[in-house]
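The block underneath contains the structure these notes are about, expressed in structure tokens.
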Amino acid sequence: MTGNIEAHTGQGDITVRHVVGQIDLRVDSGEISLREVRGRAEAKTERGAVYASFAGPPSGRLETRRGSVEIVFPARFGAQLEARTRNGTVEVDANVGADGKRGPDYFIGAINGGGDPLYVYTARGTIRVHPR
249 MTGNIEAHTG QGDITVRHVV GQIDLRVDSG EISLREVRGR AEAKTERGAV YASFAGPPSG
309 RLETRRGSVE IVFPARFGAQ LEARTRNGTV EVDANVGADG KRGPDYFIGA INGGGDPLYV
369 YTARGTIRVH PR
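Heads up, the sequence shown is in this note's numbering, so the first residue is 249 and it goes up one at a time.
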């Protein structure tokens, strides 16, 4: 599907598949799943995991207060990544060409030489970034 998507709900999960365009998803309590998307993705949940599988260059803002975040994208694409957690770990796969500052709870830098900005945050949970 080509076009922009905006969806907000109080409770329940949201899954979006094969969208080309801007995505804006908000959930108070539930998981957000982005599958094979192309374009800027904004996804925020208070309680629940966020999964984002990009079919093109990853970009946008992915946030949860309580839950983990997993980001998957084709190895040939890059991003300027800022990933932070307050209570958890940030795991950036060695196969993504990560270059930047890192600690157990953050990574700030270029993935595969850089690209569009991608901001990822969780207050409680693990952030995983890896290629497909």
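Note that CB positions come from ideal geometry on N, CA and C, so glycine has one too.
Whole-angstrom distance between residue j and residue i, CA atom to CA atom
i    : j    : result
P379 : P305 : 11 Å
R265 : G362 : 25 Å
V285 : T312 : 19 Å
G326 : D364 : 8 Å
L366 : G258 : 25 Å
I375 : A255 : 23 Å
A303 : G336 : 27 Å
G269 : F355 : 27 Å
L310 : Q328 : 14 Å
A346 : I253 : 30 Å
E318 : R283 : 11 Å
V368 : K349 : 15 Å
E279 : A323 : 25 Å
8 Å contact criterion, which residue i and residue j should meet: CB distance rounded
i    : j    : result
E290 : I271 : 7 Å
R295 : S277 : 5 Å
A358 : R314 : Their Cβ separation, rounded to whole angstroms, is 29 Å, which puts A358 and R314 out of contact at 8 Å.
CA nearest to the CA of residue i, picked from the options
i    : options                : result
G308 : V275, D347, T337, R288 : R288
T250 : A346, V267, A303       : V267
G373 : G357, D347, R334, N360 : R334
V320 : P352, R350, S281, T293 : S281
E330 : V275, E279, V338       : V338
For the 8 Å Cβ check, are there 3 or more pairs between the stretch 291-301 and the stretch 330-347? no
- Item | beta strand (DSSP E) runs wholly inside the stretch 305-337, at least 3 long, in chain order | 308-314, 317-321, 327-335
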